[in-house]
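>
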Amino acid sequence: MNEIIQSIVGGLALGAEYALMALGFSLVFGILRVINFAHGAFYVVGGYFAYWVTHTLGMPYVVGVVVAVLGTAAIGYLFELFIVERRVDDHLATIVLTVGASLIGSAAMLALFGPQAVQFKAILTGSLHLGGVYVPHARLMTIVVAIAAVGAVYVLLYRTRLGNALRALTDDREMALAMGMRPKVLFPAAFGIATGLAGLTGALVTPQFSLAPFVGESVLSISFLTVILGGLGSLSGAVIAAVLVGLVQSFVGTYIGGSWASLILFSVILVVLVVRPSGLLGHRTVNA
Amino acid sequence: MRTIQLKQVLSLAAAAALVSTMAACADASSSGTSRAGGACELKLGTLGPLTGAAADFGLSMQATAKFVANEANQKGGLQVGDKKCHVSVSSYDTGYTSAGAAEAANDFASKGIKFVIGPLGATELTGMKPVAARYGMLLDANGFGRDALEKKYPLVFHLGPGPYVWAGPIIDEAAKHFHFKNVTVIATDDESGDDIAIVNAQQFKKRGYNVTRQTYPRGTTDFSPIVSRLLQTDPDEIDFASSPAGDVGTMIKLLRGAGYKGVFSRLGGDSTAEITKVAGQSTMKNFFFYAPVDFDQPSVKKILPTFKKVTGMDATGIALGWIPGARALLDAISKAGTIDDTEKVAAQFRKEDLKDSLLGQGVWTGKEEFGVNQEMSWPFNIGLIQNGQGPTYKQLSPES
Chain A
1 MNEIIQSIVG
11 GLALGAEYAL
21 MALGFSLVFG
31 ILRVINFAHG
41 AFYVVGGYFA
51 YWVTHTLGMP
61 YVVGVVVAVL
71 GTAAIGYLFE
81 LFIVERRVDD
91 HLATIVLTVG
101 ASLIGSAAML
111 ALFGPQAVQF
121 KAILTGSLHL
131 GGVYVPHARL
141 MTIVVAIAAV
151 GAVYVLLYRT
161 RLGNALRALT
171 DDREMALAMG
181 MRPKVLFPAA
191 FGIATGLAGL
201 TGALVTPQFS
211 LAPFVGESVL
221 SISFLTVILG
231 GLGSLSGAVI
241 AAVLVGLVQS
251 FVGTYIGGSW
261 ASLILFSVIL
271 VVLVVRPSGL
281 LGHRTVNA
Chain B
1 MRTIQLKQVL
11 SLAAAAALVS
21 TMAACADASS
31 SGTSRAGGAC
41 ELKLGTLGPL
51 TGAAADFGLS
61 MQATAKFVAN
71 EANQKGGLQV
81 GDKKCHVSVS
91 SYDTGYTSAG
101 AAEAANDFAS
111 KGIKFVIGPL
121 GATELTGMKP
131 VAARYGMLLD
141 ANGFGRDALE
151 KKYPLVFHLG
161 PGPYVWAGPI
171 IDEAAKHFHF
181 KNVTVIATDD
191 ESGDDIAIVN
201 AQQFKKRGYN
211 VTRQTYPRGT
221 TDFSPIVSRL
231 LQTDPDEIDF
241 ASSPAGDVGT
251 MIKLLRGAGY
261 KGVFSRLGGD
271 STAEITKVAG
281 QSTMKNFFFY
291 APVDFDQPSV
301 KKILPTFKKV
311 TGMDATGIAL
321 GWIPGARALL
331 DAISKAGTID
341 DTEKVAAQFR
351 KEDLKDSLLG
361 QGVWTGKEEF
371 GVNQEMSWPF
381 NIGLIQNGQG
391 PTYKQLSPES
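Order-wise, the sequence lines are chains A and B. Heads up: the first sequence begins at 1 in this note's numbering, then just goes up one per residue. Heads up: the second sequence begins at 1 in this note's numbering, then just goes up one per residue.
Okay, here's the thing in structure tokens:
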């Protein structure tokens, strides 16, 4: 029984991490219709921001996390404003631009910090042991932050004027423009929020695992997978899919073996997409 | 008459610059290991994962090549026949893949490179051997795969021995320091992981331990499910075989966080410094590993500052362990008197007396394991971290 509970807890922790990543990824697609292939690089840059602030400058970890969020948000804002915005309606161009940004981001970290993993000590160590079940404190923190972030993004999109404007631009850009909404202000803001979420995830998660210039590649692929499963552009779909992916990985990893996780996960996704080509909640939320 | 615009002039100038650069590149590539402008240049190729979780391996391989090249150049170049040849190094990032290593072979061929220090992983060696053979390249490789050396590839040599030589004696020595009964061997599910893990598991089993095998895909970043599965097997010793250093450090961190109190081992390429960097020294607690060199030996201590100066990185055990094999290759090239005829160099290489100031006396082995006597077997050590202290070293031999 303990193993099942452990797998559920592990799956939820994984799901929380994926949800944080997928949320930003989905936000950018939902509002700008841009698939941001630089999302993994922002995760890495966020990790390095936090590392630099805490280990090089010797400041508290919380400051590192805040700097990571603000730093990646600022870079994302400027990247959208000066580069993506010029080609925002050209899907192929935005793919190339974001892939390029990803390569530049990783290469910059490589040049600044070297190719090997840096020693990023986890601030929260130890685990919560309940019977035979253990939950590392750092993972608990990730779950709590993920819940808070999902809530904050929901409030932002559905309870604020900025959110209303962003959703209006998504639904009918021409009408929104006629109503006086300004995409040149709103799109960079949405992009910055999304990259800030990636930076937040990097700052929270990399001390638990490892921080090296190219760790964002696998994070990007799992985020992409999650938002496809949840339905591109659907925030609630992304969160549900993230938890589902986390649980599948956790149960397969625990009971069948790590090497089978990808095979089974992709098989599940294949079946879901055959039955629902737009993903779990794609249709409903994209057009909300 | 049309007026030539500034933009057109700039375009023409850029095109001319591009053409001349390409011509220069073509000229440089054709020089390869032969002479350019009358000077003699020996270009060594080296390859491996220079980025990613296994970067420690590739960077160490690159550092070995740079170090031995510098040694030769410090003496005014490598004496080849009546010429002194400058030794240079060309590196290639394989991403630790078979395809990457095959691409490296093609890249080296286009540069005229005929002598390669590497590759280092079993997967890479499998991918590179056929392509390298096509170009007549001589590989001074490391891969621990079960078919690393083959009769059909006579130009492939082994820089050092694999786990079938040293895993057994290291396990025997470790048993004197740590108490364990249930062993789980975990490695990546590709050839580079599998081949070493199988040998390690056999060596543990042969000595009466209960052994479980686990695998995971290369590129994994979140090891939580894998750690849960590892704990299910109830081990008191976990061997990471040749798993990338970053992965090992992460798993150790998570396993200790989950309350695992047993021993760890790494019977694969030595990356202890990198593993410790990721996991933290105190988290390692009890850990034993294959150590090609004893860092406490005066001959090793003496070389460390120069190594750092030349390569720009702190010496790793594997990098130092590969130096004698790389030196032996340069010596064979020198004695063969050619930087073009790899078969002649290979013939000389097989006759080399493997005596080195760093590791002592080595011997040619491999006949029993691979059917060809082209493996350089050097004295090796067990490295021990006990209660978070160390590492300390003890030299062992295949018979110990």
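Beta carbons: idealized from backbone N, C-alpha and C, even for Gly.
#1: Can you tell me which of the three DSSP states S234 (chain A) falls into?
#2: Please report how far the alpha carbon of N200 (chain B) lies from the alpha carbon of D172 (chain B), in whole angstroms.
#3: Which whole-angstrom value is the C-beta distance of D247 (chain B) and T220 (chain B), which I expect to be below 8 angstroms?
#4: How long is the line joining the alpha carbons of T97 (chain B) and L120 (chain B), rounded to whole angstroms?
#5: Could you name the residues that DSSP lists as bridge partners for H179 (chain B)?
#6: What residues from the region 269 to 292 of chain B come within 8 angstroms of chain A, judged by C-beta to C-beta, listed N to C?
#7: Can you find a C-beta in chain B that's less than 8 angstroms from the C-beta of H129 (chain A)?
#8: Is it right to say H179 (chain B) is buried, meaning 16 or more other beta carbons lie within 10 angstroms of its own, or is it exposed?
#9: Could you tell me if N142 (chain B) is buried or exposed, where buried requires 16 or more neighbouring beta carbons within 10 angstroms of its beta carbon?
#10: Quick one: is A242 (chain A) near chain B, going by C-beta distance under 8 angstroms?
#11: Which whole runs of the beta strand (DSSP E) in the region 264 to 315 of chain B are 3 residues long or more, in chain order?
#12: Quick one: is R229 (chain B) near chain A, going by C-beta distance under 8 angstroms?
#13: Need the endpoints of the beta strand (DSSP E) that K84 (chain B) sits in, please.
#14: Closest by CA to E234 (chain A), which one among A:A261, A:L270 and A:L32?
#15: Compute the distance between the beta-carbons of A401 (chain B) and P244 (chain B), then report whether it is under 8 angstroms.
#16: From the beta carbon of G202 (chain A), is the nearest beta carbon of chain B less than 8 angstroms away?
#17: Relative to the C-alpha of G249 (chain B), which residue among A:L12, A:L103, A:A117 and A:L169 is closest?
#18: If we call anything under 8 angstroms between Cβ atoms a contact, is V248 (chain A) one with V268 (chain A)?
#19: Taking the C-alpha atoms as reference points, what is the distance between V372 (chain B) and V156 (chain B)?
#20: Helix, strand or coil, according to DSSP, for D341 (chain B) in the structure here?
#21: Using a C-beta cutoff of 8 angstroms, does F209 (chain A) count as contacting chain B?
#22: Using a Cβ-Cβ cutoff of 8 angstroms, what residues of the region 49 to 66 of chain B are near chain A? List them in chain order.
#23: Taking Cβ-Cβ distances shorter than 9 angstroms, what residues in chain A pair up with S401 (chain B)?
#24: What residues of chain A sit near S224 (chain B), judged by a beta carbon separation below 8 angstroms?
#25: Going by alpha carbons, who is nearest to Q79 (chain B) out of B:D331, B:I117, B:K253 and B:G317?
#26: Enumerated in chain order, which unbroken segments of the alpha helix (DSSP H) with a length of 4 residues or greater are wholly contained in the region 324 to 386 of chain B?
#27: Pick helix, strand or coil for G48 (chain B), following the three-state DSSP scheme.
#28: In this structure, does DSSP put S30 (chain B) in helix, strand or coil?
#29: Which residues in chain B have a C-beta closer than 8 angstroms to the C-beta of T125 (chain A)? List them in chain order.
#30: What in chain B is Cβ-close to F214 (chain A), meaning under 7 angstroms?
#31: Restricting to Cα atoms, I'd like to know which of A:I4, A:L200, A:F79 and A:L229 is closest to A148 (chain A).
#32: Anything in chain A within Cβ reach of G121 (chain B), meaning under 7 angstroms, just list it in chain order.
#33: Using 8 angstroms as the threshold, is the C-beta distance between I323 (chain B) and T64 (chain B) below it?
#34: Taking the alpha helix (DSSP H) that D194 (chain B) falls in, what are its first and last residues?
#35: Could you spell out where the beta strand (DSSP E) holding E237 (chain B) opens and where it closes?
#36: Quick check on DSSP: helix, strand or coil for T123 (chain B)?
Judging by the given coordinates:
#1: For the purposes of this step, residue 234 (chain A) is taken as residue 234 along the first sequence, with counting starting at 1. Three-state DSSP puts S234 (chain A) in coil, outside helix and strand.
#2: Counted from its first residue, the second sequence places residue 200 (chain B) at position 200. Counted from its first residue, the second sequence places residue 172 (chain B) at position 172. Using only the alpha carbons, I get a separation of about 12 angstroms.
#3: Position 247 of the second sequence, counting from 1, holds the residue named residue 247 (chain B). Position 220 of the second sequence, counting from 1, holds the residue named residue 220 (chain B). Contact between D247 (chain B) and T220 (chain B) holds: their C-beta atoms lie close to 7 angstroms from each other, under 8 angstroms.
#4: Within the second sequence, residue 97 (chain B) is the residue found at index 97, counting from 1. Within the second sequence, residue 120 (chain B) is the residue found at index 120, counting from 1. Roughly 11 angstroms between the two C-alpha positions.
#5: The sequence position of residue 179 (chain B) within the second sequence is 179, counting from 1. Per DSSP, H179 (chain B) has no beta-bridge partner at all.
#6: Listed by position, the residues of the region 269 to 292 of chain B near chain A (Cβ gap below 8 angstroms) are E274, K277, V278 and G280.
#7: Translated into the one-based positions of the first sequence, residue 129 (chain A) becomes position 129. At least one CB atom of chain B sits nearer than 8 angstroms to the CB of H129 (chain A).
#8: Locating residue 179 (chain B) in the second sequence gives position 179, where the first residue counts as 1. It counts as exposed.
#9: Position 142 of the second sequence holds residue 142 (chain B). So N142 (chain B) ends up on the buried side.
#10: Taking the first residue of the first sequence as 1, we reach residue 242 (chain A) at position 242. Nearest CB-CB separation between A242 (chain A) and chain B: not below the 8 angstroms threshold.
#11: Correct list: 287 to 291.
#12: Within the second sequence, numbered from 1, the residue matching residue 229 (chain B) stands at position 229. Interface criterion met: the Cβ of R229 (chain B) is under 8 angstroms from a Cβ in chain A.
#13: Stepping through the second sequence from its first residue, residue 84 (chain B) is reached at position 84. Per DSSP, the continuous beta strand (DSSP E) segment holding K84 (chain B) begins and ends at K83 to D93.
#14: The count along the first sequence starts at 1 and reaches residue 234 (chain A) at position 234. According to the sequence provided, residue 234 (chain A) is Ser. The question's Glu does not apply to it. The alpha carbon of S234 (chain A) has as its nearest neighbour, out of A:A261, A:L270 and A:L32, the alpha carbon of A:L32.
#15: As displayed, chain B neither begins before 1 nor continues past 400, which places residue 401 (chain B) out of reach and without an answer.
#16: One-based indexing of the first sequence puts residue 202 (chain A) at position 202. Not an interface residue.
#17: For the purposes of this step, residue 249 (chain B) is taken as the residue at position 249 of the second sequence. Answer by Cα proximity: A:A117.
#18: Looking up residue 248 (chain A) in the first sequence gives position 248. Looking up residue 268 (chain A) in the first sequence gives position 268. Against a cut-off of 8 angstroms, the Cβ pair of V268 (chain A) and V248 (chain A) comes out as a contact.
#19: If you number the second sequence from 1, residue 372 (chain B) lands on position 372. If you number the second sequence from 1, residue 156 (chain B) lands on position 156. Their backbone Cα atoms lie some 10 angstroms apart in a straight line.
#20: Here residue 341 (chain B) is taken as the residue at index 341 of the second sequence, counted from 1. It is coil, neither helix nor strand.
#21: Taking the first residue of the first sequence as 1, we reach residue 209 (chain A) at position 209. Yes, its Cβ sits closer than 8 angstroms to a Cβ of chain B.
#22: Residues L50, T51, G52, A53, A55, D56 and L59.
#23: Outside the shown range of chain B (1 to 400) lies residue 401 (chain B), about which nothing can therefore be said.
#24: Residue mapping note: residue 224 (chain B) aligns to position 224 of the second sequence, counting from 1. Going along chain A in sequence order, the residues near S224 (chain B) (Cβ under 8 angstroms) are G10, A13, L14, R139, S250 and G253.
#25: One-based indexing of the second sequence puts residue 79 (chain B) at position 79. Selected option, being the one with the closest Cα: B:D331.
#26: Along the region 324 to 386 of chain B, the alpha helix (DSSP H) occurs as fully enclosed runs of 4 or more residues at 342 to 349 and 367 to 370, listed in sequence order.
#27: On the second sequence, residue 48 (chain B) is found 48 positions in, with the first residue counted as 1. When secondary structure is reduced to three states using DSSP, G48 (chain B) falls in the strand class.
#28: Along the second sequence, one-based indexing puts residue 30 (chain B) at 30. Model confidence at S30 (chain B) stands at a pLDDT of 39, short of 50, so the residue's coordinates are unreliable and nothing is read from them.
#29: Along the first sequence, one-based indexing puts residue 125 (chain A) at 125. Here the neighbours are G257.
#30: Within the first sequence, numbered from 1, the residue matching residue 214 (chain A) stands at position 214. Those are T51 and G52, listed as they occur along chain B.
#31: Within the first sequence, numbered from 1, the residue matching residue 148 (chain A) stands at position 148. Checking every option, the nearest Cα to that of A148 (chain A) belongs to A:L200.
#32: For this step, residue 121 (chain B) is matched to residue 121 along the second sequence. Correct list: empty, because the minimum Cβ distance to chain A is about 16 angstroms.
#33: Locating residue 323 (chain B) in the second sequence gives position 323, counting from the first residue. Locating residue 64 (chain B) in the second sequence gives position 64, counting from the first residue. Yes. Within cutoff.
#34: Your numbering for residue 194 (chain B) matches position 194 in the second sequence. Element bounds for D194 (chain B): E191 to K206.
#35: Working through the second sequence from its first residue, we reach residue 237 (chain B) at position 237. Counting along the chain, the beta strand (DSSP E) containing E237 (chain B) begins and ends at E237 to D239.
#36: Looking up residue 123 (chain B) in the second sequence gives position 123. If DSSP states are grouped into helix, strand and coil, T123 (chain B) belongs with the helices.
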